[in-house]
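Taken in sequence, the protein lines are chains X and V.
So for the first sequence, the numbering used here puts the first residue at 46; every next one is plus one.
So for the second sequence, the numbering used here puts the first residue at 46; every next one is plus one.
Quick reminder that beta carbons are idealized off the backbone N, C-alpha and C, glycines included.
Number of protein chains: 2
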Amino acid sequence: MKPIVTIEPNWQLCTDCAVRASAVCSSLDAVELREFEHLGRRVHFSSGETVFSEEDITTSFYNLLEGVMRLYKLLADGRRQIVGFALPGDFLGMNISGRHNFSADAIGAVTVCQFAKAPFGRFIEDRLHLLRRINELAIRELNQARDHMVLLGRRSADEKVAAFLLGWRERLVSLKGASDTVPLPMSRQDIADYLGLTIETVSRTFTKLERHGVIEIIHGGISLLDPAKVEALAAA
Amino acid sequence: MKPIVTIEPNWQLCTDCAVRASAVCSSLDAVELREFEHLGRRVHFSSGETVFSEEDITTSFYNLLEGVMRLYKLLADGRRQIVGFALPGDFLGMNISGRHNFSADAIGAVTVCQFAKAPFGRFIEDRLHLLRRINELAIRELNQARDHMVLLGRRSADEKVAAFLLGWRERLVSLKGASDTVPLPMSRQDIADYLGLTIETVSRTFTKLERHGVIEIIHGGISLLDPAKVEALAAA
DNA sequence: CTCCAAAATTGATCTGGGTCAACCGGCCTT
DNA sequence: AAGGCCGGTTGACCCAGATCAATTTTGGAG
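Here you go:
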């Protein structure tokens, strides 16, 4: 009996790509896109799988197409700091040392557009606009990183959680449109490791916010009942 | 009577520049350097002066030539997070929003090479190698930022201080050569705001390290008596 | 030199968030 | 439907580091 298998072509049209407008490739014209199409290869990862690990030699770059990823660094004794969550359109893997400087896991099912390092490097070589785009993304990330330093170093647990909810919602808004229902695909532990807190503190803060009628904890996320109040708590 | 004034020319030869090899300009050839020379202008700042402030519209980029700067962000209530210290060779001011995303003060006397935004942007426009160099610097900074997130979110006070001393020494090594005497031009408050601690905790940790014979607190810095012990404390 | 202000140190006490531990509930497997 | 597991919540207690409060030291300015 013939097995039932879904055949995924090695590549698909960039023109149909969901992240076409936001990702690195937004800087490419129609002609370049045709060539670029053959460079990338769609790859799926299931929940919890590691896409690449810190200190691994970089063999590929990744353009996240679908799903969410956690980007993190581990200390020798197992302490973990999540340095960011990746969403569709995010470009991962750039570094100068030739090794990844953080690890990346799939949170839920994930699809990436994977580029082998060498051909991608060759393609980029003389394309000023693509390099500019990558530079722009790097600078944007640098800003986010600095904002997150402020959060980690100088904000209270309440402020951290409130700022996280708003920031996460904001990113989803620009992806799927505005909503006061905020899906949280990541675990409480992930949130804790992102905010420099413990899982218990995150949980307690959530319930505190719920008791105060500011949010409602729903299955797989939260609902922002009083966004203004959350903003006040985040105290910019 | 003729006043005694030191006349500083608007520009000096890049070829003589102290940071020629390490800074952005390391990517330029001899011909480009001649043109580049006329773009930058040496400017001096004295201790404590602010070179640019967060949210200011970006009118210039800066290449730090001499001295040390603190780069920081403030919360509305005055809490401060220092996101980094700049040393000679560091390039400051890149952003995509058109506004600076952190403030920068001189720690002690500082000399910068200042570039007006527009002409610099024009110069960079079609110079792939310069853009690549800037990109490289951005990615390097991004790594540092992520490392610092781990420190802020997941390390104890002792680890933070030990890691800071080692990291700072490391940067000075690549600038002035190896030494176990580590000058600390920044105040205790600066160190505290960099590490997400209070001034008292930094001070106490220093004295604790000194009591244990690991460092010696000297005028304007510390001396690493037992670098191996400090590395053990920093616990990578 | 003396005086003053700012920076740093030190001590005493407090507390936000961590730690430890019990428990709950959804969901998968048998 | 029973059992078990895993993620999340809740409670009791603790402690690293913050806060509050004096000193002490340092560095100019006169």
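For this session: Can you tell me which of X:Arg167, X:Cys62, X:Asp101 puts its alpha carbon nearest to the alpha carbon of X:Glu82?
Result: X:Cys62
Exercise. Can you give the beta carbon distance from V:Met194 to V:Asp150, rounded, assuming they're within the 8 Å contact cut?
Worked result: So it is not a contact: roughly 23 Å between Cβ atoms.
Exercise. According to DSSP, is X:Ala273 helix, strand or coil?
Worked result: helix
For this session: With a cut-off of 8 Å on the beta carbons, I'd call X:Ala68 and X:Asn108 a contact; round off their distance for me.
Result: About 5 Å separates the two Cβ atoms, so the contact holds.
For this session: Report the rounded CA-to-CA distance for X:Glu261 versus X:Glu245, giving the unit in angstroms.
Result: 18 Å
For this session: With 9 Å as the C-beta to C-beta threshold (strictly closer), list the residues of the region 144 to 158 of chain V near chain X in chain order.
Result: Asn146, Phe147
Exercise. How would you call V:Gln234, buried or exposed, if buried means at least 16 neighbouring beta carbons within 10 angstroms?
Worked result: exposed
Exercise. What are the start and end residues of the alpha helix (DSSP H) that includes X:Asn140?
Worked result: Careful: X:Asn140 lies outside any alpha helix (DSSP H) and carries neither H nor E.
For this session: Going by CA-CA distance only, name the one from X:Gly143, X:Ile179, X:Ser201, X:Val128 that's closest to X:Thr104.
Result: Out of X:Gly143, X:Ile179, X:Ser201, X:Val128, X:Gly143 has the C-alpha closest to the C-alpha of X:Thr104.
Problem set entry | Beta-carbon proximity list for X:Leu58, same chain, < 7 Å, skipping 5 on both sides | Glu82
Problem set entry | Limits of the alpha helix (DSSP H) - the one that X:Ala202 falls within | Per DSSP, X:Ala202 is one residue of the alpha helix (DSSP H) stretching across 202 to 221.
Exercise. If you run the structure through DSSP and keep just helix, strand and coil, what is V:Met114?
Worked result: strand
Problem set entry | For X:Phe165 and X:Val8, the rounded distance between their alpha carbons | The displayed coordinates of chain X run from 46 to 281. Any statement about residue 8 of chain X would go beyond what the structure contains.
Problem set entry | Extent of the continuous alpha helix (DSSP H) to which X:Pro164 belongs | X:Pro164 -> alpha helix (DSSP H) spans 162 to 170.
Problem set entry | Terminal residues of the alpha helix (DSSP H) in which X:His193 lies | 173 to 199
Problem set entry | Alpha carbon of X:Ala237 to alpha carbon of X:Thr243, nearest angstrom | Distance between X:Ala237 and X:Thr243, taken at the CA atoms: about 5 Å.
Problem set entry | Under 9 Å (Cβ pairs) to chain X, residues found in the region 82 to 102 of chain V | For chain X, none of the residues of the region 82 to 102 of chain V brings a beta carbon within less than 9 Å of one of its beta carbons.
Exercise. Can you find a CB in chain X that lies within less than 8 Å of the CB of V:Val195?
Worked result: yes
Problem set entry | Three-pair Cβ contact test at 8 Å for the region 200 to 220 of chain X versus the region 133 to 141 of chain V | no
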